[in-house]
Each structure stands twice: as structure tokens, then as C-alpha cells.
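As you go down the protein sequences, you meet chains A and B in turn.
Position one of the first sequence corresponds to residue 1138 (our numbering), numbered consecutively onward.
Position one of the second sequence corresponds to residue 2 (our numbering), numbered consecutively onward.
Glycine is no exception: its CB is placed at the ideal position from the N, C-alpha and C atoms.
Take a look at the structure below.
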Amino acid sequence: MKIGIPRALFYYEYYPFWKVFFEALGQQVVLSSSTNEALLKKGVALCVDDACLPIKSFHGHVADLADKVDAIFIPRIVSIEPQKYLCPKFLGLPDMIRNSIPKLPPLIDAELNLYKSKKGIKNHVIQIGDALNKNKTEVLRAYHKAASAQKKYKQFITTYKIAPCEILPDIDFKPPKQEESELHTASYPKVLLVGHHYNIYDTFLSMNLVAKLKRQHINLITTDMVSDSEIKKGAKKLTKDMFWTLGERSLGAAFYFLDKGELDGIIHVASFGCGPDSFVGELLERKIKRYYKIPFLYLTLDEHAAEAGFDTRLEAFLDVLEGRKVQ
Amino acid sequence: MKVTFPHMGNLYIVLESLFENLGTEVVVPPFCTKRTLELGVLHSPEFACLPLKINVGNFIEALENGADTIVMAGGIGPCRFGYYGEVEREILKDLGFDFKMVIVEPPKNNFLKLVSDIRVLTNRKQNSLKNIVKAAIIAWKKAILLDIADMKLSQIRPKEKIKGQTDKKYKEVIHKIKDIKKEAELDEYKAVMLETFDSIETIKDKTFPKIGIVGEIYTVLEPFVNLDIESELNSLGAEVYRSVYLTDWVRINLFPSFLKPKDYKEMLKLAEPYIKRFIGGHGQETVAQIASFAKNGFDGVIHLLPFTCMPEIVAKSAIPRVAKDYSIPVMTLVLDEHSAKAGVRTRLEAFIDMINQKKEMSEDNSYLSKIYHENSELDNKIVLSNK
């Protein structure tokens, strides 16, 4: 059976897991096209107007897959770690898709909910297995295989500081050559790129931001390259436990590096109208202004974004970094 | 210590009573005005939802009036509301205000925690548990009366024979509820209040369309934010019923789940074909309540949400299907600091006109409702693309 996976949202975090898991169960994985103008336009037309850019884009990816596959995998991702949620739109994502896109192949919308316990993952994979008529032993075997691929992926990114968009959808990771590695970039200005993976690694939505920064000789770190323990350490600065996983990652990573005094600048990328980021960005900006005083650039992404304006702001920010370095 | 809190409809009467009975001085923020909104918009994050902006405006105005302690509710997500207090504190701090912020987290399984939180807010050491419970009961009873008054207002006002009479009686009633100090007097007043409303002369030989209001709770409860939608609809000749009242918010958010009313859980089931599970905020309720209003013979539903409200955006995606399945017209109003009364009024007029026409020509009902659905989808698209 052909299983369609939209190349959007949690693709950037879980694709290795999904691919290995489905293939171990004898399924063929089909990815939607990379985000492009026509695909996004379709998504915008299908989706409720008030949704944010990545959700609109996701609708486009689903539509792109609709007549190419036997089923589309749209997990209902409620929570990916205990006591934390994702944005409500993830909780209702399969509903939004069903409500907005007519004529869909069957959806595999197994719920992933680790809010109460990490054991929720077992439930999740068994639900997928049920949808595919696979028995429990087979499913668990596939799960273990997938989990180890996922672990390898995560380790690879945190070790080599390589952005997911530089490797995916290839999941056969090879360590970079010496000259590309961190040793070489150590003298470059260090910039933390804060933002949700589905925005910053989507080269179309983010207008190639990661590559642009690397071309400008920036020692770039993204929140996904920071280990969980470092994030938790940074998040201790918060006066109240942050209940969104991605929000905690953003703030935790930022505070971790800010406190080490290692950063030359921070770029925060958020989609227009992003609920959680309106708060996360506000807290970050206020704390930086109050205590750390380093350059901070806030970039908003939406379907009307013009690349020239985006680049100008980016250049101005990089000039500021340069200027501070000379001083 | 001078305590203040955000405005949300008549909530201030309930909280003022609670704190005063505990011996704590209260500074009620000035009623929401354009200035409140402007202050809030100026100092809040651009994409924060409207309630946060109004809260910030309320707090600034209350601190200017001498308040030094802010009481705010907390939460555990995934709706943004749970982090309101944190963001608001940082904003006010940067503005240079000197204050203490007490964030009362929902007790869920630990009701005593709520009591200890309330204790922090009381001056008197001698506030026993008994005292606190007594103050809470009086506040709760006031909330119930206020809810009944609100219901009566929006149901009687469109039918009144003498214009303005219901508003006048409503004001009297609210004042009275505010002034009553004793529990026994509140119990007695209920009958008097109902009689007051019943004494209003109404038009009886005409039917009035019944409109339900659903959506994000703050925008439903705070008339300043929803541009006084109930009064607007009343003036267009429609009876209005809300999906949530003050006491419902407390029941849903503060009570442990086994105490939640049974019919509430039953009603939520109506949402399942469209939104399968709890998604935060009132997203699922919104969809269920549209279905429930339709089942109860309502003529139309207005869906309110603040711009960028996450749970309600998910709900909005379900509305075309629910509206079609239950053949009930639904109009969504997205509210933000740019919402203007005249524009909303025009849309409401068109909505009510359409409903009246639909009612009049009900013999050809099936044909018309088909036309309506085609139009309403188109209409939604046009209105939203204008936004």
C-alpha cells in the first residue's frame, strides 16, 4: 500500500521514524512535493483563512497527495512529552483536514499523546498497526527499528549541527567532511535561529533562510541542534512551566546560550498570527532587551511575504553583527 | 493590599463581593473604554489575542488608580490563556509598575490549593476556612443571579413594548445584586428579580427569531469586546441566548470533572464527527453548541472569536459542515482591535434579514436552505478576505 506523508509540519522532526516504521511494515512511503507556489496557493484556498502559514501549507501538501496514494498519514499529535502540549491546531489537525478537503483517501490519524506518560507511543504505533491490519508483534518490531533510526537522526543533528533541510528526505546520514564541520565555523559570528522546525527548514516558506545564513558565514545553531538537557536547563529561567513543547524549546535553547554568553545574535522566525509564538517571542524579546542586550531579529512569515524585503532586513541584521564584531 | 482583576462582563461584581467579604480592599478597573483598548494594544504583542490586550489595558488603568496586587487565573494549556499572567506581568514590569501578581492555577484535583491561593490574597489572618467558604458561596450565588439577569435581558429586550424599559430594569437589578450583603437576602431576591423582569410589557402577537451565540468565552461574555452584540441583535428583533455564562466558565474550568453537569458531556458528543477530541479552549464546545442550538429550534448562530484564537480556528474549519448537516445559518465574527460597530451592524442586519426571509418562506424551505448554504459559504469567503 502507498502511504502518503505530507512534507510539512512534523515531517522535519519525525520523518526518519515514519519512513522506517512504514517500510518495516511492508508499506511504500510517498512524500508530497517540496513546498512550492502552486502547492501553497492550493493550501491557502482550501484552508480556513485564519490559520497560520504552516497549517495552510499542510493543506496544500495533503491535496498534493490526495490522488497519488492509498492512504495519507496525518497523526493527531496531542503531546510529544509528558505534561506538555502542542498548539491546539495540531490537536485538531485531522479534523481540520477532513472539514476542509473533500475527496480524500482514507486518513491514518492515530493519536500521539505522551501527556500522561511516554508509554503513549506504544498506543500510537499500535493504532497505526490496526489501521494497516498488522499484528502487534510485527508492529512492535517495526517500532523498535523506527525508534532507533529516530534516535540516530536526533543525535546526528545535535552532534554535527546540521539542519534537517540539509539532509532530509535522505535518512542515510553521513558525517560531514572536516572543513564543513563546526571546527571551521568557530570563528564566525554565532547566531541562534529560534523558530518551529516546520517553518525554518521549509526552504520555500522560510525563503531559504538557513542556506542564506550559512552562505554569509554564520555559525548557525537552531533550536533542534540543542540537546534536551540543555533546553531543560535553559527553561529553568522561566517563572512558570511552559506548556508547549516547541515554545519551551525556543525559550530553553535561547536562555541556555544567552546565559553562557556565547551568542552574537538571535533570529526569531514566526508565522503570521502564530498563537504560541506571540507569547514566546514577546517573553524572549523583553528578556533580551532587559538583561542581555544582543541583536535580535524578528521575522514573520506569511503567504504574502516578499523575498526582497525579507533579505534587506536580514542583511541589516548581519551588518549589525559585523559592526559589533569590529568594535 | 489593594487587589484588582481583569474585566469580563459582570465578573467584577462577583470578585468584588468575594474579596470584600474576606476583608481585602478592591480596586475595580475602570470599565473598558477606547483608552483601555488603546493602552492594551500599544503594550501587548501584536499577535496576542484580544482578551490579553484588554487585560493589559484593565491592569494599567487599575494600577493607575492605586491597585497594587493583580489576581489572574492560570491554566495548563494548550490554549494561550494559561500563559496570560506570565506575559502580562513582564509587560507591566517593563512599564515600571510596582505590583504583585497572584496567578490562581485551576485546582483540577486539588481544591485546597485554590483555598490557599485565595488565602494569600486576604489581609486578615483570622480568615478561617469557614469564612472563605461563606464568602465563596455569596459570590457564587451572586454569579448565578447575574447570569439569570443576563439571560432575561437578551430574551425580553427585543419584545418590550416600551423601548428602553428592559435595560432600565436590568440596571436596577444589577445594582441590587451588587448591594446585597447577606446570603439569605440573595436567596429571597431571586423571586423579586424574576418578577421585575416578568412585569415588563411585551409584544405577544409576533414571533421573534432566536439566535444563539457561541465561541471563545471572553468574547462571548465581554460586551465591550463583542461590540455589544446581544444588544445589537435585540434591536434587530432577535432573541439571544448564549452558549456560556459566567457560572459555566467556573463549572468547566474550576470544578473537578466528576462535578461537571452530565448534559454538558452529552452535548460535547455532538462535536465528535467534526472535532474528535478536546483541543483546548472552547473549540469543541463551539461546534457542539451549534448543533445543540440547531436541535433546539434556533434560527441562527453567531460564532465569536478573537483574531488568531487557535482553538476557535479549528472550530471554524468545522462550521460549514455542521451548519450544513444541521441546516442552521452560522455567521463567524472575528474580533480584534480594528473591529468597528458599523461594519458589524451591517453584517448582523443582513444575517437577520436572511433569517426572517427564510422563516417567512418556510414552505419552500428545502430549496431556500440550499441557496442559503451556497451563499453563506461565498459570503464567508468574501467577508474574511476583506479582513
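- Which of helix, strand or coil DSSP assigns to Thr167 (chain B): The three-state reading of DSSP puts Thr167 (chain B) in helix, counting H, G and I together.
- Query: Residue range of the alpha helix (DSSP H) that Thr309 (chain B) falls in?
  - Reply: First-last for Thr309 (chain B): undefined, no H or E at that position.
- Item | DSSP-derived helix/strand/coil call for Leu1269 (chain A) | Three-state DSSP puts Leu1269 (chain A) in coil, outside helix and strand.
- Consider the Cβ of Gly1371 (chain A): report whether some Cβ of chain B lies at a distance smaller than 8 Å. Not closer than 8 Å to any Cβ of chain B, the Cβ of Gly1371 (chain A) fails to qualify, so no.
- Message: Does any residue of chain A have a CB that is nearer than 8 Å to the CB of Pro7 (chain B)?
- Response: Not one chain A Cβ lies under 8 Å of Pro7 (chain B).
- CA-to-CA distance, Leu154 (chain B) to Ser1408 (chain A), given in whole angstroms: The alpha-carbon atoms of Ser1408 (chain A) and Leu154 (chain B) are separated by roughly 42 Å.
- Message: So Gly1412 (chain A) contacts chain B; which residues on that side make the cut at Cβ distance below 8 Å?
- Response: In chain order: Phe48, Cys50, Arg81, Thr309, Cys310 and Met311.
- Message: Pull the bridge partners of Met73 (chain B) from the DSSP assignment, please.
- Response: Paired residues: B:Ile104.
- Task: Kindly say whether Glu412 (chain B), judged by its beta-carbon, lies nearer than 8 Å to any beta-carbon of chain A.
- Result: In the structure as shown, chain B starts at 2 and stops at 388, and residue 412 (chain B) therefore has no counterpart that could be examined.
- Interface residues of chain B around Leu1420 (chain A) at Cβ under 8 Å? Per Cβ cutoff of 8 Å: Glu87, Val88 and Glu91.
- Message: Going by the DSSP bridge assignment, what does His1405 (chain A) pair with across the sheet?
- Response: Per DSSP, A:Val1331 and A:Tyr1435.
- Message: If we define contact as Cβ-Cβ less than 8 Å, is Lys359 (chain B) a contact residue for chain A?
- Response: Put simply, the CB of Lys359 (chain B) is far from chain A, with every gap to its CB atoms at 8 Å or more.
- Query: Between Tyr171 (chain B) and Glu196 (chain B), what straight-line distance do the alpha-carbon atoms span, to the nearest angstrom?
  - Reply: For Tyr171 (chain B) and Glu196 (chain B), the distance between alpha carbons rounds to 12 Å.
- Count the C-beta pairs between the region 299-318 of chain B and the region 1220-1231 of chain A that are closer than 8 Å, then say yes if the count reaches three, no if not. The region 299-318 of chain B and the region 1220-1231 of chain A touch, with no fewer than 3 CB-CB distances between them shorter than 8 Å.
- Give the C-beta separation of Tyr1435 (chain A) and Gly1418 (chain A) to the nearest angstrom, bearing in mind that I take them to be a contact with Cβ-Cβ under 8 Å. Contact between Tyr1435 (chain A) and Gly1418 (chain A) holds: CB atoms are separated by about 6 Å, below the 8 Å threshold.
- Chain-ordered neighbours of Pro1225 (chain A) on chain B, where CB pairs are closer than 7 Å: Those within 7 Å of Pro1225 (chain A) in chain B are Pro79, Cys80, Ile280, Gly281, Gly282, Gly284, Met311, Pro312 and Val315.
- Task: Determine the closest residue to Val29 (chain B) out of B:Gly284, B:His44, B:Met152 and B:Gly58, with distance taken between C-alpha atoms.
- Result: Relative to Val29 (chain B), the option among B:Gly284, B:His44, B:Met152 and B:Gly58 whose CA is nearest is B:Gly58.
- Can you pull the chain B residues whose beta carbon is under 7 Å from the beta carbon of Val1185 (chain A), in chain order? Ordered by position in chain B, the residues that pass the 7 Å Cβ test against Val1185 (chain A) are Ile314, Lys317 and Ser318.
- Query: Unbroken beta strand (DSSP E) runs of length 3 or more, entirely within the region 1209-1236 of chain A: which are they?
  - Reply: Restricting attention to beta strand (DSSP E) runs no shorter than 3 residues, the region 1209-1236 of chain A encloses them at 1213-1216, ordered along the chain.
- Amino acids of chain A, ordered along the chain, whose beta-carbon sits closer than 8 Å to that of Glu322 (chain B): Note on identity: in this sequence residue 322 (chain B) is Arg, with Glu being the wrong assignment. Result: Asn1236.
- Helix, strand or coil: how does DSSP classify Thr123 (chain B) here? Under the three-state reduction of DSSP output, Thr123 (chain B) falls in the coil class, being neither helix nor strand.
- Enumerate in chain order the residues of its own chain whose CB-to-CB distance from Pro330 (chain B) is below 8 Å, with the five nearest sequence positions on each side excluded. So the qualifying residues of the chain are Asp300, Gly301, Val302, Ala324, Phe352, Met355, Ile356, Lys359, Tyr373 and Ser377.
- Task: Going by DSSP, name the residue or residues bridged to Trp1381 (chain A).
- Result: The partner list for Trp1381 (chain A) (beta bridge, DSSP) reads A:Tyr1222.
- Check whether the Cβ atoms of Ile1217 (chain A) and Leu1244 (chain A) lie closer than 8 Å to each other. In this structure, Leu1244 (chain A) does not lie closer than 8 Å to Ile1217 (chain A) by Cβ.
- Task: Kindly say whether Asp95 (chain B), judged by its beta-carbon, lies nearer than 8 Å to any beta-carbon of chain A.
- Result: So, interface residue.
- Message: I believe Phe1147 (chain A) touches Ile1214 (chain A) by the beta-carbon criterion, under 8 Å. Please report the beta-carbon distance rounded to the nearest angstrom.
- Response: Yes, Phe1147 (chain A) and Ile1214 (chain A) are in contact; Cβ-Cβ is about 6 Å, under 8 Å.
- Message: For Gln1165 (chain A), list the residues DSSP reports as bridge partners.
- Response: Gln1165 (chain A) is bridged to A:Lys1139.
- Item | Residues near Tyr1280 (chain A) in its chain [Cβ-Cβ closer than 7 Å; skip 5 each side] | Answer for Tyr1280 (chain A): Phe1158 and Val1262, listed in chain order.
- Proximity of Glu223 (chain B) and Gly10 (chain B) at Cβ, strictly below 8 Å: Yes. Within cutoff.
- So Thr333 (chain B) is in the beta strand (DSSP E); what residue range does that whole segment cover? From DSSP, the beta strand (DSSP E) with Thr333 (chain B) extends over Val331 to Leu336.
- Item | Through-space distance from Glu217 (chain B) to Phe82 (chain B), alpha-carbon basis | About 11 Å.
- Message: Per the DSSP calculation, Leu1249 (chain A) is bridged to which residue(s)?
- Response: In the DSSP output, where bridge partners are listed per residue, Leu1249 (chain A) has A:Ile1214.
- On the three-pair Cβ rule with 8 Å, is the region 238-246 of chain B touching the region 206-221 of chain B? Contact holds: three or more Cβ-Cβ distances are below 8 Å.
- C-beta atoms of Ile1358 (chain A) and Lys1298 (chain A) nearer than 8 Å: Lys1298 (chain A) is positioned such that its CB atom lies closer than 8 Å to that of Ile1358 (chain A).
- Do the region 269-278 of chain B and the region 177-185 of chain B make contact, defined as three or more Cβ pairs closer than 8 Å? No contact exists between the region 269-278 of chain B and the region 177-185 of chain B.
- In this structure, does DSSP put Asn1356 (chain A) in helix, strand or coil? Correct three-state label for Asn1356 (chain A): strand.
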